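A.B. asks:
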Amino acid sequence: MREAHAEDARTEARRVINNLLGEERPTAATLIAHARATLGDEHASQCLDLALGASLTRRSAELASIAALVVGVRELGGDWWEKERGGKLPAPVEVLRTAAAIDPWTDLTLLEMLAAWIADDAADALWGPAVAEVDLNSWQAEDRIELPESARPGERLVVHFDAGGRLDAVVTRRPDDDLGSNLDFSSLRYSKPAEAQWSWGVAAGLGPHRLPGEDPDPYARAVPEDAVRILREWALRHGATQEQLGASWANVGDVVAAIERVDWMWRSAEWFGWWRGASALVDDSGYLPHRLEELAAG
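Written out as structure tokens, the structure reads:
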């Protein structure tokens, strides 16, 4: 069942990214071509440098953020980079040049921050500025926002819940004659840059995603046999197939490809420990021995 859900997600992601970028099975090479054509060589090269600086287990997420920028700039125009915001927000191009994290996105990488920024700007351009923000970890619908003074019964107010994500709060009159609101979850929607970010990451997967200018190839690095044995044997004992794991893991590229095929996120919670070990192996982390000990203890 979980494998079916994983394949359903990939199928939907391929459909969405094909609609947005004309690529059903996107690759790093085609994304870079789109970026250079849409963002220009300077901005595309700066974004590519940021992706090159990320760990290999983060590379797919960074490239997905570039996909959001490509789609967002197509939506909003190239002058998006230069628009001054006033207050604490500089123009996006200044953030790209200085690599400075700014509120409210300080917990994101620079590319993720720019992707969230352009996703929200595209949402505002489509549906108008949001009047409030809600956390959809709670699905309570009633009276989740503070109403503006101008609110009227039947009015639909735009509410922010995620980068590029919006839904409506419908103003209603309560039995005590006070005004309240009900979140309309059926109105949940995302701007195109947000859709591009999700769909590129899911459709393209973890990789390998080789990028121009890499010498030596980071995916060609050999991996230690003992760690490989422990991770492969654990995965086989817990339901992975030989086909998913591949014939052997000689290098980092083999491990990355296997992580993608295994679909660990759709399996039981104990697979998170396997992911931590496999990602430490891919990223050549000093934590690898500890991750393998944790896996054995679990």
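Residue numbering for the sequence shown follows the UniProt record's numbering, starting at 1 and increasing by one per position.
For each residue, glycine too, the CB sits at the ideal point set by N, CA and C.
From a predicted model like this one, the values you see are computed outputs, not experimental measurements.
When DSSP labels each residue in this structure, what does Val223 get in the three-state scheme?
C.D. replies: For this step, residue 223 is matched to residue 223 along the sequence shown. Coil at Val223, not helix or strand.
A.B. asks: What's the gap between the Cα of Ala227 and the Cα of Val255?
C.D. replies: Within the sequence shown, numbered from 1, the residue matching residue 227 stands at position 227. Within the sequence shown, numbered from 1, the residue matching residue 255 stands at position 255. Their Cα atoms are separated by approximately 11 Å.
A.B. asks: For Thr30, collect the residues of the same chain with a Cβ closer than 6 Å to its Cβ; drop the 5 residues on either side in sequence, then sort them by chain order.
C.D. replies: Here residue 30 refers to the residue found at position 30 when the sequence shown is read from its first residue. If we look at Thr30 and ignore the five residues flanking it on each side, its Cβ neighbours are Glu23.
A.B. asks: Along the alpha helix (DSSP H) that carries Ser60, what are the first and last residues, could you check?
C.D. replies: Locating residue 60 in the sequence shown gives position 60, counting from the first residue. Segment Arg59 to Leu76, the alpha helix (DSSP H) holding Ser60.
A.B. asks: Give the straight-line distance between the Cα atoms of Gly164 and Leu236, rounded to the nearest whole angstrom.
C.D. replies: The residue you call residue 164 lines up with position 164 of the sequence shown. The residue you call residue 236 lines up with position 236 of the sequence shown. Each residue's Cα considered, the two are about 39 Å apart.
A.B. asks: May I ask you to report which of helix, strand or coil DSSP gives Glu42?
C.D. replies: As a working note, residue 42 is residue 42 in the sequence shown. In the structure shown, Glu42 sits in a helix (DSSP, three-state: H, G or I).
A.B. asks: Look at the alpha carbon of Phe272 and the alpha carbon of Arg97, and state the distance between them as a whole number of angstroms.
C.D. replies: Here residue 272 is taken as the residue at index 272 of the sequence shown, counted from 1. Here residue 97 is taken as the residue at index 97 of the sequence shown, counted from 1. Their Cα atoms are separated by approximately 36 Å.
A.B. asks: Locate the beta strand (DSSP E) running through Val170, then write down its first and last residues.
C.D. replies: The residue labelled residue 170 in the question sits at position 170 within the sequence shown. Taken as a continuous stretch (DSSP letters only), the beta strand (DSSP E) holding Val170 covers Gly165 to Arg173.
A.B. asks: Can you give the Cα-Cα distance for Arg15 and Glu149, rounded to whole angstroms?
C.D. replies: Here the question's residue 15 lines up with position 15 in the sequence shown. Here the question's residue 149 lines up with position 149 in the sequence shown. One C-alpha to the other measures close to 42 Å.
A.B. asks: Buried or exposed for Gly180, please, with buried defined as at least 16 other CB atoms from any protein chain shown within 10 angstroms of its CB.
C.D. replies: Position 180 of the sequence shown, counting from 1, holds the residue named residue 180. Label assigned to Gly180: buried.
A.B. asks: If contact is defined by three or more beta carbon pairs under 8 Å, each pair taking one atom from either stretch, is the stretch 62–79 in contact with the stretch 191–211?
C.D. replies: Counting Cβ pairs under 8 Å, three or more are found: they touch.
A.B. asks: For the stretch 242–252 and the stretch 206–223, state whether three or more C-beta atom pairs, one from each stretch, are separated by less than 8 Å.
C.D. replies: With the cut-off at 8 Å, the stretch 242–252 and the stretch 206–223 touch.
A.B. asks: Residue ranges of each beta strand (DSSP E) run of no fewer than 3 residues wholly in the stretch 107–175, ordered along the chain?
C.D. replies: 156–162 and 165–173
A.B. asks: Does DSSP put Gly239 in a helix, in a strand, or in coil?
C.D. replies: Sequence index remark: in the sequence shown, residue 239 carries index 239 (1-based). Coil at Gly239, not helix or strand.
A.B. asks: Which residues mark the beginning and the end of the alpha helix (DSSP H) in which Ser199 is found?
C.D. replies: As a working note, residue 199 is residue 199 in the sequence shown. Where Ser199 is concerned, the enclosing alpha helix (DSSP H) stretches over Lys192 to Ala204.
A.B. asks: Taking DSSP as the reference, what is the three-state secondary structure of Arg261?
C.D. replies: As a working mapping, residue 261 is identified with position 261 in the sequence shown. In the structure shown, Arg261 sits in a helix (DSSP, three-state: H, G or I).
A.B. asks: Please return the same chain residues whose Cβ sits closer than 6 Å to the Cβ of Val262, not counting the five positions on each side in sequence.
C.D. replies: Here residue 262 corresponds to residue number 262 of the sequence shown, with the count starting at 1. For Val262, where only same-chain residues beyond five positions count, the Cβ hits under 6 Å are Ala240 and Gln244.
A.B. asks: So for Asp8, helix, strand or coil by DSSP?
C.D. replies: Position 8 of the sequence shown holds residue 8. Reduced to three states, the DSSP call for Asp8 is helix.
A.B. asks: For Asp184, name the three-state secondary structure that DSSP assigns.
C.D. replies: Taking the first residue of the sequence shown as position 1, residue 184 is located at position 184. Reduced to three states, the DSSP call for Asp184 is strand.
A.B. asks: Who are the Cβ neighbours of Ser55 in its own chain at under 6 Å, not counting the five residues just before and after it?
C.D. replies: Your numbering for residue 55 matches position 55 in the sequence shown. Cβ within range, chain order: Asp283.
A.B. asks: Using the C-alpha atoms, what's the distance from Leu76 back to Val70?
C.D. replies: Against the sequence shown, residue 70 aligns to sequence position 70. Against the sequence shown, residue 76 aligns to sequence position 76. Using only the alpha carbons, I get a separation of about 10 Å.
A.B. asks: Counting Cβ pairs, one atom from each stretch, are 3 or more of them under 8 Å apart for the stretch 175–190 and the stretch 129–145?
C.D. replies: yes
A.B. asks: So, for Ala28: in the same chain, excluding its five sequence neighbours on each side, which residues have a beta-carbon less than 7 Å away from its beta-carbon?
C.D. replies: If you number the sequence shown from 1, residue 28 lands on position 28. For Ala28, where only same-chain residues beyond five positions count, the Cβ hits under 7 Å are Leu63, His209, Arg210 and Leu211.
A.B. asks: Can you tell me whether Lys88 is buried or exposed, with buried defined as 16 or more other CB within 10 angstroms of its CB?
C.D. replies: Position 88 of the sequence shown, counting from 1, holds the residue named residue 88. So Lys88 ends up on the exposed side.
A.B. asks: Distance, Cα to Cα, Asp124 vs Pro216?
C.D. replies: Locating residue 124 in the sequence shown gives position 124, counting from the first residue. Locating residue 216 in the sequence shown gives position 216, counting from the first residue. Each residue's Cα considered, the two are about 43 Å apart.
A.B. asks: If you draw a straight line from the C-alpha of Val158 to the C-alpha of Ala115, how long is it?
C.D. replies: Taking the sequence shown and counting its residues from 1, the one referred to as residue 158 is at position 158. Taking the sequence shown and counting its residues from 1, the one referred to as residue 115 is at position 115. C-alpha separation (whole angstroms): 21 Å.
A.B. asks: Hey, Arg291 and Arg267 are a contact pair by Cβ (cut 8 Å); roughly how many whole angstroms apart?
C.D. replies: Here residue 291 corresponds to residue number 291 of the sequence shown, with the count starting at 1. Here residue 267 corresponds to residue number 267 of the sequence shown, with the count starting at 1. Contact doesn't hold; Cβ gap of about 17 Å is too wide.
A.B. asks: Excluding the 5 residues flanking Leu147 on each side, which residues of the same chain have their C-beta closer than 7 Å to its C-beta?
C.D. replies: Taking the first residue of the sequence shown as position 1, residue 147 is located at position 147. Val171, Leu179 and Ser181.
A.B. asks: Name the DSSP bridge partner or partners of Asn251?
C.D. replies: Numbered from its first residue, the sequence shown carries residue 251 at position 251. In the DSSP output, where bridge partners are listed per residue, Asn251 has Ala222.
A.B. asks: Are there 16 or more other CB atoms within 10 angstroms of the CB of Ala99, so buried, or fewer, so exposed?
C.D. replies: Numbered from its first residue, the sequence shown carries residue 99 at position 99. Exposed is the call here.
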